[in-house]
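Okay, so here's the structure we're looking at.
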Amino acid sequence: MLPREISGPPLASPSPDTVACPACTKVEARPAFVKSGYPFRRCAACGLVFASPYPTPDQLAAYYNDPSRTPTEDYFNKAASRRRRAALRALRFFPYVFPGKTVLDLGCGGGFMVEAFARLGAKASGLDISAGAIAYAQKHFPRGTFYCESMPAFAARGLQFDFVFSSEVLEHVPGPDELLTTLAAVTKPGGYLHISSPDAGHKLVPANIAEWDQVAPPEHIQLFNRENARILFARYGFTLAKAYPNKKPGLSLLFRRGL
């Protein structure tokens, strides 16, 4: 099924130029709106909404390295509640995560899902670029193995996992290629990958998508729907195995990497 049409306020003087879509690669991405000073495009072919140009690495580093955004011990408040929610969420993946399986949480934050997967008997690891988050995870969740480094650096280790979990990462990265290249490198052939991200094709998304709170640059800079996510992941060797229903505008997609 094609994604439903979404709209946003046009630029004051819209440019007729189009660029290649980062998801479907068709040259159908046209200027759509500006939010918080960031111009966005929308692909007429697949519906991807993305900042164009994406924020630069320096802009993102300045934003995320702001001391007010650095996770500390206080950032992970209500830890008991977070542990319970992570444990319940992990149970959904028990067909793919059980004793003897290797699991990676890419974008693990404070390590709550790593701990939940480890409690299911898996050999669980977590990757995050935030030193504060990894420090918290290492202190509180000794069952897991944690890495604080970039995705390319981690992929270069040559490690592969039976199950890879990545929650609320896809919408943050400036273009999908580095993330997808890493996911393809770290998922074993025949292994499974679960992705969650805001769903721009959900019925509850405002008709004027620029008003949607999930369009939030420089944090949320690309918004997918189920179909263009399927197209994107297929380009990197993943087949959509299951789409979990969600009453809220969120994607919950299980992929399998080809053998």
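Every letter in the sequence shown is one number past the one before it in our numbering, and letter 150, counting from 1, is 150. Glycine is no exception: its CB is placed at the ideal position from the N, C-alpha and C atoms. Note that the structure is predicted; figures quoted are calculated from it, not measured.
Beta-bridge pairing of residue i - partner residues as DSSP gives them
i: G31; result: At residue 31 the sequence reads Pro, which differs from the Gly that was named. DSSP lists R41 as partners of P31.
i: Q222; result: F50
i: E250; result: Contrary to the premise, residue 250 reads as Gly rather than Glu in this sequence. Beta-bridge pairing links G250 to P198.
i: T239; result: R256
i: V164; result: L104 and L193
i: V19; result: A29
i: A216; result: H220
i: T182; result: BP columns for T182 are empty, so no partner.
i: T187; result: F161
Nearest-angstrom Cβ-Cβ length linking residue i and residue j, presumed shorter than 8 angstroms
i: T102; j: A122; result: 7 angstroms
i: G262; j: P22; result: For residue 262 there is no data in the structure shown, the boundaries of the chain being 1 and 259.
i: R226; j: A241; result: Going by Cβ atoms, the distance from R226 to A241 rounds to 13 angstroms, so no, they are not a contact pair.
i: K35; j: A210; result: 6 angstroms
i: P55; j: P189; result: Contact doesn't hold; Cβ gap of about 34 angstroms is too wide.
i: K248; j: L193; result: That belief does not hold up - the Cβ atoms of K248 and L193 are roughly 22 angstroms apart, past 8 angstroms.
Residue i to residue j span [Cα, whole Å]
i: T181; j: Y236; result: 7 angstroms
i: D199; j: A156; result: 31 angstroms
i: K26; j: S125; result: 36 angstroms
i: G47; j: L179; result: 20 angstroms
i: S52; j: R41; result: 6 angstroms
i: C148; j: S130; result: 7 angstroms
i: G110; j: S81; result: 13 angstroms
i: L106; j: S196; result: 12 angstroms
i: L159; j: C24; result: 29 angstroms
i: L223; j: V49; result: 5 angstroms
i: M113; j: V186; result: 18 angstroms
i: P245; j: V164; result: 20 angstroms
i: P95; j: N65; result: 38 angstroms
i: M151; j: D128; result: 8 angstroms
i: V215; j: N228; result: 17 angstroms
i: T239; j: L259; result: 11 angstroms
i: L183; j: H220; result: 19 angstroms
i: D17; j: E28; result: 9 angstroms
i: F33; j: K139; result: 44 angstroms
i: V19; j: R30; result: 7 angstroms
i: T136; j: N77; result: Per the sequence shown, the amino acid found at residue 136 is Tyr instead of Thr. Distance between the alpha carbons of Y136 and N77 is about 12 angstroms.
i: A153; j: C43; result: 31 angstroms
i: S252; j: R230; result: 12 angstroms
i: D213; j: L170; result: 16 angstroms
i: P57; j: H172; result: 12 angstroms
i: E115; j: G250; result: 23 angstroms
i: G191; j: V97; result: 11 angstroms
i: E5; j: P67; result: At E5 the pLDDT is 36, less than 50, meaning the model places this residue with poor confidence; the figure from the coordinates comes in the next sentence. Roughly 39 angstroms separates the two Cα atoms.
i: A12; j: P39; result: Bear in mind that a pLDDT of 35 at A12, under 50, signals an unreliable position, so the number given afterwards is only what the model happens to contain. The straight-line gap from Cα to Cα measures roughly 12 angstroms.
i: F117; j: D177; result: 27 angstroms
Distance cut-off 6 angstroms: residue i Cβ against heavy atoms of the ligand FAD
i: P31; result: The ligand FAD is not part of the structure shown, which contains no ligands of any sort.
Q: May I have a chain-ordered list of the beta strand (DSSP E) segments no shorter than 3 residues that lie completely inside the segment 81-152?
A: Runs of the beta strand (DSSP E) spanning 3 or more residues and lying entirely within the segment 81-152 occur at 102-106, 123-128 and 145-148, in chain order.
Q. Given 8 angstroms as the limit, is there contact between the segment 81-98 and the segment 61-70, that is, 3 or more CB pairs closer than that?
A. Touching, no.
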